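Chains A and B are the protein sequences, given in the same order. FYI, in numbering that gives the first Met the number 0 the residues of the first sequence are 0 to 314. FYI, in numbering that gives the first Met the number 0 the residues of the second sequence are 0 to 349. Think of the CB as a built atom: it goes at the ideal place given N, C-alpha and C, for glycine as much as any other residue. Note that the structure is a prediction, hence the values are computed from the model and not measured.
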Amino acid sequence: MGRFVVRRLIQMVLVMFAVSVITFLIFNVIPNSDPAVRMAGRQASQSTITEIRREWNFDDPIYIQYVTTMKMVFSGDLQSYFTQLPVGEEIRKGLPRTLSLAIGAALLWMFVAICLGLYSAMKAGKFADRFLTIVALVGISMPVFWIGALMNHYLGFKLGWFPNGGYVELTEDPIDWAYHLILPWTALAILFIGFYSRVLRSNVLDTINEDYVRTARAKGLGERQIMVRHVLRNSMIPIVTLWGLDFGAVVGGGAILTETVFDLQGVGQYAAEAVGQLDVPPVLATTMFLAFFVVLMNAIVDILYAYLDPRIRLQ
Amino acid sequence: MSDAQPLLSVDDLRVSFATEEGVVQAVDGVTFDLAAGEVLAVVGESGSGKSVTAMTLMGLTRSPNAKFEGTAHYKGTELIQASEDHLRRVRGAEIAMIFQDPMTSLNPVQRVGSQIVEQIQEHEGIPDQQARERTVELLERVGIPRARERVDNYPFEFSGGMRQRVMIALALSCNPSVLIADEPTTALDVTIQAQILQRIRELREETGAAVILVTHDLGVVADIADRIAVMYAGRIVEQGTLDQIFYDPQHPYTWGLLGSITRVDRPRPERLPAIAGLPPSLADRPDGCHFRPRCPHEFAECSKVPPLEARLDGQADHLDRCWLSVEEKRSKREVLPGEIGLGAKEGARA
């Protein structure tokens, strides 16, 4: 297992390197115009542009430009020439918000999806199963900006049951933190609940017919033990993979809409606003950051997967 | 059969499944007794209902589409209508089963040891360490080398033969009185087959468990069975001791089975001997004797269902379902007494 983890982490670093090169190329090399002008944003003075060109070494060979760009991004002194705000600081402020949203939503959608998927599988073909199929389909079909806006309007604004957007620090008041996040969590989780519960349902139905489940029954185990130890564990393997990947994808951009609808001021919303203002440094930094996060999550998923399925770890 | 109360007594067992093609009568009036310590071989082609019979005894065929009739009494308990809770206490502890395919019958993500420990604890609730010790002993007993290390391996780290040994250890872990082996060697190669059968035979002598051996291979049972029940299309067509079936087979289907075994010590036949035709669909079986369409000796009587009864003088335990007279049977069959494969009547089938 240890060797597997080390190997997988080395792989991860290589992928991150490749990601950084590609991001650099996309931002600074491929667009056929002066990168310093784009970096400077709208309404920049000629002196700013000259300053940027010098600071980012845009007159040097490409590999020096690459190294300089990486230094700028990772040293934390990157700043937006448009708003004059330090980019690293903004991301640090947004990160707990984005993670609060993503982690809470991921736990919510996984938990609810397991319950619904398992229930649906056990009632396969009956009314409850068919009903849940339709509910899942409806859930999958509702875009998050629409359901989010509806929730915000009716539950937040009209009925006043929930705060109308905004965010409270977890360290400040955990209950208020959760209270502010209930709607965003739900809005983000709905799509995934629909999807995951369907996948789990079909996995469970496949697994139930496996020979080893018959063996478990022949051993005299109770129905509950059969379901949890033999059926669910094997059915969960593909779901866990999906979970990690989706979680990475949510942090890496999937939460942009939810953050914006509920005004959470997370990293995604920061990136979206920067894009709107053609403010390149924050876009570059958030792109790198979010891509790295997705790569990291992939590695964690693989390690978790190996833990769940011994056949992978020992190969 | 002995006068003593049989350990397991199956009476007129019928199992049918509702499918899209209609009602499939998988088991149609199966009756047999099993005495303690006895090995009963249930022999038949694929789809003859032998596996369904075996699994029904453990309640493993229960489903909303299945319908059961008849009874199976085990030590005074009726198994077919028993509650799921009651059956759970029988499964694994009193009646244990070895399945056909060891490659898929173990949970791939659970250590083999813990799969056995799980069963021991379910039935006996003994401490972890004790259950683990017993598991190691069991694995040693079924012939797994370095059992103490192997107990923490996963199934995919074992070969097919080793996995089947694990399955046997699992089945024996709570000292069952009845061991059902459902084609235990079909998925294994020939050398491993012999080892596994040898092991089952030894364990039966050590533990005194009765064995129901389900197989399609008469060659397998010649070594190990005390009695044989031949099944065809959901019915037992002939039942008797090993000697009765091999030396004086009464049913044309049994002749076919005995005759279809190839032998390496005989001149090679032009074609492999086989029973002509195909087994009937269990959803649409012929009236009367089910073997009728494939039987070379069919006559008018055959449109009525022949009862399973003793037809030989002085042999109350040799039963068959064939309307032919005993003399006709003895003159018509092509297999030689006590032999498998087609007999010396070379070309008799030509």
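For a cut-off of 8 Å, the C-beta gap from Met161/B to Ile143/B is around 6 Å, short enough to register as a contact. Per DSSP, the continuous alpha helix (DSSP H) segment holding Lys49/B begins and ends at Lys49 to Leu56.
In this structure, the CA atom of Val111/A is about 19 Å from the CA atom of Tyr178/A. Neighbours of Thr206/A in chain B, taken as residues at a C-beta separation under 7 Å, are lacking, since the least C-beta distance is about 10 Å. Our two residues, Gly218/B and Ile260/B, have alpha carbons roughly 8 Å apart in a direct line. About 6 Å separates the beta carbon of Asn174/B from that of Thr206/B, a gap short enough to meet the 8 Å contact definition. Cβ contact annotation for Gln42/A (same chain, cutoff 7 Å, sequence separation greater than five): none. Fewer than three pairs of CB atoms, one per stretch, sit closer than 8 Å, so the stretch 262-282 of chain A makes no contact with the stretch 7-17 of chain B. Between Arg270/B and Gly28/B, the gap from beta carbon to beta carbon reaches 8 Å or more. In the structure shown, Ile302/A falls within a helical segment according to DSSP collapsed to helix, strand and coil. Linking Ala188/A to Ile113/A through their CA atoms gives a straight-line distance of about 13 Å.
Not flagged as an interface residue toward chain A: Met161/B, since no C-beta distance is shorter than 8 Å. In chain order, Lys218, Gly219 and Leu220 make up the part of chain A whose C-beta sits under 8 Å from the C-beta of Gln118/B. Residue-level contact check: Pro34/A does not touch chain B, since none of the beta carbons of chain B fall below 8 Å from its beta carbon. When the Cα atoms are used, Pro295/B and Trp254/B turn out to be separated by approximately 11 Å.
Here Thr206/A is near Val212/A, since their CB atoms are less than 8 Å apart. Ser99/A is the residue among Ser99/A, Lys125/A, Gly219/A and Glu222/A whose C-alpha sits nearest the C-alpha of Ile181/A. Within the stretch 119-148 of chain B, contact with chain A at the beta-carbon level (separation under 7 Å) is assigned to Glu121 and His122. Contact check for Phe298/B against Tyr231/B fails: the beta carbons are separated by 8 Å or more. The beta-carbon of Leu307/A is placed less than 8 Å from the nearest beta-carbon of chain B.
Neighbours of Tyr211/A across chain B, judged by C-beta separation under 8 Å: Thr103, Ser104, Leu105, Asn106 and Pro107. Straight-line spacing of the CA atoms in Glu77/B and Val9/B works out to 9 Å.
Taking the CA atoms as reference points, Gln163/B sits about 58 Å from Ala270/A. The beta carbon of Ala290/A sits closer than 7 Å to the beta carbons of Val18, Thr22 and Gly251 from its chain, once the five residues preceding and following it are set aside; these are given in chain order. Residues of chain A with a Cβ closer than 7 Å to the Cβ of Met57/B are, in chain order, Ala217. For His229/A, the residues of chain B that pass the 7 Å Cβ criterion are Asn106, in the order they occur in the chain. Distance from the CA atom of Arg329/B to the CA atom of Arg320/B, rounded to whole angstroms, is 15 Å. In the assembly as shown, Arg53/A is an exposed residue. Its beta-carbon has fewer than 16 other beta-carbons within 10 Å. In this structure, the beta-carbon distance from Arg223/A to Ala120/A does not fall below 8 Å.
Chain A has a Cβ within less than 8 Å of the Cβ of Gly91/B. Spatial neighbours of Val304/B in its own chain (CB-CB distance under 7 Å, excluding positions within 5 residues in sequence) are listed in chain order as Gly287 and Cys288. The C-alpha of Pro292/B is placed about 31 Å away from the C-alpha of Ala186/B.
Rounded to the nearest whole angstrom, the CA to CA distance from Pro183/B to Ile244/B is 22 Å. The C-beta separation of Pro107/B from Arg310/A comes to about 6 Å, placing the pair in contact by the 8 Å criterion. For Arg310/A, at least one C-beta of chain B is nearer than 8 Å to its own C-beta. Non-local C-beta neighbours of Ala35/B in its own chain, meaning closer than 6 Å and more than five positions away in sequence, comprise Leu6 and Ala209, ordered along the chain.
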